[in-house]
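Okay, structure first, notes after.
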Amino acid sequence: MANTIWTIEEFTCPGCGMNYTATREEHAEPHAGQFKCSICSGVVHAWSGKHHFFGWQAVKSKPAVFGRRWAGVQW
Ligand SMILES: [Zn+2]
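If you count the sequence shown from 1, position 1 lands on 221 in the numbering used here, and the numbers rise without skipping.
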């Protein structure tokens, strides 16, 4: 499709604080789903709407000093 837009978003597990990144894909039709933490099985993010999240990856470390740099990362 010509109008596929992917963006990377970052989420933090409300249960254990683990950080994850996921790729958000815009869709013309509604999707619903959720992602559960691989560590504590808590729901990190649930969504419904004209977008979908995939490619969940755990962020192994949380370098506080470098946290701000996420905003500038070129994917
Ligand atoms: Zn968790």
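Just so you know, even glycine gets a beta-carbon here, dropped at the ideal spot from N, CA and C.
- The set of residues with CB atoms less than 5 Å from any heavy atom of ligand 1 reads, in chain order, C233, G235, C236, M238, C257, I259, C260 and G262.
- Ranked by how close their Cα comes to the Cα of P250, the residues V263, W267 and C236 have W267 in first place.
- It is roughly 7 Å from the alpha-carbon of H271 to the alpha-carbon of R244.
- When the Cα atoms are used, T241 and G235 turn out to be separated by approximately 16 Å.
- Sorting I225, S258 and T224 by C-alpha distance to the C-alpha of C233 places S258 at the top.
- At the C-beta level, F273 and H265 come within 8 Å of one another.
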